[in-house]
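**Student:** Residue numbers (UniProt numbering): 1 to 906. Please read through the structure below; I'll follow up with questions.
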RNA sequence: GCCGAAGUGGCGGAACUGGUAGACGCGACGGACUCAAAAUCCGUUUCUGGAAACAGAGUGGGGGUUCGAUUCCCCCCUUCGGCACCA
């Protein structure tokens, strides 16, 4: 073993040992507590990137730490192999998606091993393996039979030039990314899973997950969006049809001045039949993409249909408008508009000159009304606003003030902005004077009695559309028969295998282009039929992979082994998955449970969402105004003597480049740092150490090579310290009773560090502070020059313990140093975690901060058990304190034991 | 537009339950070693004033609660993540 740190040698040796001994392959073992640590499975894009390094290092640190805590740790890895990038690569490089994907997996598996991740590779799979997706197809058939999978029309982004469906990310500023054509909305039949049947359970389940970040739970709650309201039927005037709207604000019903329907709403279509202008408008509503962000930010446009509805309370007629912000797919495709009390309706009404009514006022207005109308003591009268404004008053001054309050409020609502808060009803006939809940109940009761309305719980959450018009995905196991309609493929005919040896040159799916592949016979009637050529959303595969890892080789989706391992004890992945993936993941777990395959209600008990990896960006403006981005590796940053950044130049030509800020590593900004280069240069442990040290896990991490060098320096110093120590003569055991002051101090710091590191790895998941504590300890042991017997003994205890404490983060280095310290080659994860010696933590004296009026004026060293009076006296006697208390009265002295003394003077 | 985060020295960050703001690392500066460089080691490093002692200011901005606020409350600004077909 060398005296200097050689990462490559050390890492190869440790990795060989782990591989040779199958160190991380695990089985169910009832004698040990289990720990299932799972990192989100990667898309095999071709090369390890820094986001992977970070995600998987966090998972590996937790896994190794938990194993050192005596748990039976499962940490698996696999590949989210279906998806759009393989199709794009196929077009670009003229290679089949399957071949491209599988060769990427080969390469990345090697990179993962080079990082030293402690995976049980015996459980590996790729989601594009028919052995994997056959179970997904079976589950879908089961859901179809249960009525949880169904088909309906829904809208997609349509590129009219390529004649293809586009993903939202392929729509840029309303145009197709490849063709530049204006994207249109098009309705096509698609398959859906009834996640809304589970909406309440998905909402309630969040309360059973204390180990999930509050931000994620809040986002999921808002996404599910439970709201209680009223469904109200409006009859269309001079006709026998009606339309239904849902509102959470029935208290504002008297302020409804129009209703708005989606462009695809049957009433709109009907009105457009003999109205060419309206038909044209509806046509323009088809333009643009389908994403919510785009719909919500587009200019709000509408047109009168000429049709009218009857207000269910007043009998007045209200116009029906078509509006581009109302969508057929969401809710009923129609909304009642209350411009006085809804921002969007207000904006729309002002734009088109539609009437605005004020029917809710705030407490200040109510007070003013009371003043104006003495007979309102028992509540607000029939038309209090109008009555009040023309009423007679005895006190002219008060009346004027009150009138001004009412008028200015009304002016604001009618002309400036909607009043959207809850308040008291006015201008609402019988409902005047009621508050939100009173008005809700009264109006609901009235409409229910009239058969025009019903209370309803509405969900923002929509059913999960799982159809994709793409080739590289799991085929949907359905056959279309002219007589039997949609028929699921029988179990014994599954899997429906996706052909992999295909030419993928254009935009069209090869299985859609191939007339032979789809030909089949109907499983029901035996007649000629056609297969579904859509494939599943790739979220389908990533929604249940965690369960499959527990049951490798099982003939069913999972088997009894799942009961041992599930739920996942620690799940780790990017915050960008906070809603979609994590909601589908929870939903699918409930589907597995209801199919009798798992017994828990939630798939994962603890969740860690790590931040992004970011880096500086550099560019030069091109002649055409576009930007050419340079990789940080090609650029030299210039600084002044104080360290301020003054500029940057391209290393190749020495000419300046512009600094574009710190952004998420991406191809488009060319600011990605290749982990492979870093591993080759510094070793995996240094890369792991930096990615855990540079930022807390949930924050974004800025890659900075100088920082990486600092980590390499730390590991070299640690190595040297151990090597120097083992060259010393043998030492006796530590005898706590025989230690002098400095030896005691070092030993106390060691045990404080053991306590902190364990807490930071386990409870806090604050790895950066754990590393900082270990660095501090190394700084101290480096200055500890005591070569006596007990000095060497304490140093040995410190260094050997540090090897164990660092092992989760830098396992290769620890593996080597453990041997350097005289142990046989072994798996450090099987060593017990160091125990804190409570006696070593004891102190005799503590330092208290002394403040005068909250400002620090000195410190005082006192015995741990010093009485309060002594502390107060010592603090007040400090010269630095007296300078500020002299000539003033001490009003109060606050003593927080072990922390602070605050002397309040005045 | 809606939902969720974040903002602290030149930089990344620490301060865990309201109690000494800036731990740890990077960078910068000074020094030692060296023929020299690299590496390594030692020291300084929030800002302003001051030779120093020391004083004042300071955690995105504005207000509030408290003996005491990076931490709690209200308003605002900026940046980032998600918005259902990127994964």
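All C-beta atoms in this analysis are idealised placements derived from N, C-alpha and C, irrespective of residue type, glycine included.
For residue 581, does the three-state DSSP call read helix, strand or coil?
**Tutor:** helix
**Student:** Tell me whether residue 856 is buried or exposed, calling it buried when 16 or more other Cβ atoms sit within 10 Å of its Cβ.
**Tutor:** exposed
**Student:** Using three-state DSSP, classify residue 34 as helix, strand or coil.
**Tutor:** strand
**Student:** By how many angstroms is the C-alpha of residue 536 removed from the C-alpha of residue 471?
**Tutor:** 10 Å
**Student:** Taking only runs that begin and end inside the UniProt domain "Methionyl/Leucyl tRNA synthetase" (39-171), name each unbroken beta strand (DSSP E) of 3 or more residues, in chain order.
**Tutor:** 72-74, 149-159 and 164-166
**Student:** Can you have a look at residue 577 and say buried or exposed, based on whether 16 or more other CB atoms are within 10 angstroms of its CB?
**Tutor:** buried
**Student:** Determine the burial state of residue 283: buried for a count of at least 16 other Cβ atoms within 10 Å of its Cβ, exposed for fewer.
**Tutor:** exposed
**Student:** Exposed or buried, what is residue 72 when buried is set at 16 or more other beta-carbons lying within 10 Å of its beta-carbon?
**Tutor:** So residue 72 ends up on the buried side.
**Student:** Nearest CA to the CA of residue 891: which residue from 882, 904, 885 and 879?
**Tutor:** 904
**Student:** Tell me the rounded alpha-carbon separation between residue 729 and residue 840.
**Tutor:** 25 Å
**Student:** Opposite residue 234 in the DSSP bridges: which residues?
**Tutor:** 243
**Student:** What did DSSP end up calling residue 304 once you bin it into helix, strand or coil?
**Tutor:** The DSSP-derived three-state label of residue 304 is strand.
**Student:** Cβ of residue 257 within 8 Å of Cβ of residue 355?
**Tutor:** For residue 257 and residue 355, yes; Cβs fall inside 8 Å.
**Student:** Using three-state DSSP, classify residue 670 as helix, strand or coil.
**Tutor:** coil
**Student:** Using the Cβ count rule (16 or more neighbours within 10 Å means buried), how would you classify residue 172?
**Tutor:** Residue 172 is exposed by the Cβ-count criterion.
**Student:** From residue 216 to residue 579, what does the alpha carbon distance come to, in whole angstroms?
**Tutor:** 7 Å
**Student:** How would you call residue 686, buried or exposed, if buried means at least 16 neighbouring beta carbons within 10 angstroms?
**Tutor:** buried
**Student:** What does DSSP give as the partner residue(s) for residue 530 in the beta ladder?
**Tutor:** 480 and 519
**Student:** Look at residue 439 and residue 251 and say whether their C-beta atoms are less than 8 Å apart.
**Tutor:** Going by C-beta atoms, residue 439 is nearer than 8 Å to residue 251.
**Student:** Do you know whose CA, among 415, 732 and 712, lies nearest residue 339's CA?
**Tutor:** If we check each option's Cα against that of residue 339, 415 comes out closest.
**Student:** Cα-Cα, which of 243, 170, 561 and 167 is closest to residue 265?
**Tutor:** 243
**Student:** Determine the burial state of residue 78: buried for a count of at least 16 other Cβ atoms within 10 Å of its Cβ, exposed for fewer.
**Tutor:** buried
**Student:** For residue 710, which three-state DSSP category applies?
**Tutor:** Of the three classes helix, strand and coil, the one that applies to residue 710 here is helix, per DSSP.
**Student:** Have a look at residue 465 and residue 194 and give me their C-alpha separation to the nearest angstrom.
**Tutor:** Taking the straight line from one Cα to the other gives about 9 Å.
**Student:** Taking the straight line between their C-alpha atoms, what separation do you get for residue 923 and residue 844?
**Tutor:** Missing from the structure shown is residue 923; the chain here goes from 1 to 906 and no further.
**Student:** Assuming residue 910 contacts residue 732 under a Cβ cut-off of 8 Å, what Cβ separation, rounded to an integer in Å, is found between them?
**Tutor:** Residue coverage of the chain in this structure runs from 1 to 906, which leaves residue 910 outside it and unanswerable.
**Student:** Using a Cβ-Cβ cutoff of less than 6 Å, which residues in the same chain neighbour residue 23 once the five nearest sequence positions on both sides are dropped?
**Tutor:** 827
**Student:** In whole angstroms, give me the CA-to-CA distance for residue 161 and residue 534.
**Tutor:** 20 Å
**Student:** Looking at the unbroken alpha helix (DSSP H) that takes in residue 755, where does it start and where does it end?
**Tutor:** 741-759
**Student:** Would you list the residues sitting across from residue 227 in a DSSP beta bridge?
**Tutor:** 458
**Student:** Which one or two residues does DSSP pair with residue 691 in a beta bridge?
**Tutor:** Answer is none; residue 691 lacks a bridge partner.
**Student:** Using the beta-carbon count (16 or more within 10 Å), is residue 626 buried or exposed?
**Tutor:** A residue is called buried when at least 16 other Cβ atoms come within 10 angstroms of its Cβ; residue 626 does not meet this threshold and is exposed.
**Student:** Which term fits residue 150, buried or exposed, when burial requires 16 or more other beta carbons within 10 angstroms of its beta carbon?
**Tutor:** Answer is exposed; the Cβ neighbour count stays below 16.
**Student:** Please report the straight-line C-alpha distance between residue 379 and residue 262, rounded to a whole angstrom.
**Tutor:** Annotation note: pLDDT 43 at residue 379 (below 50); position unreliable, no value reported.
**Student:** Under 7 Å from any heavy atom of the ligand ADP, does the C-beta of residue 463 make it?
**Tutor:** Only the bare structure without any ligand can be found here, which leaves the ligand ADP out of the picture.
**Student:** If contacts are defined as beta-carbon pairs under 8 Å, then residue 574 and residue 39 qualify, I think. What distance do you get, rounded to the angstrom?
**Tutor:** With a contact defined as Cβ atoms closer than 8 Å, residue 574 and residue 39 miss out at about 10 Å.
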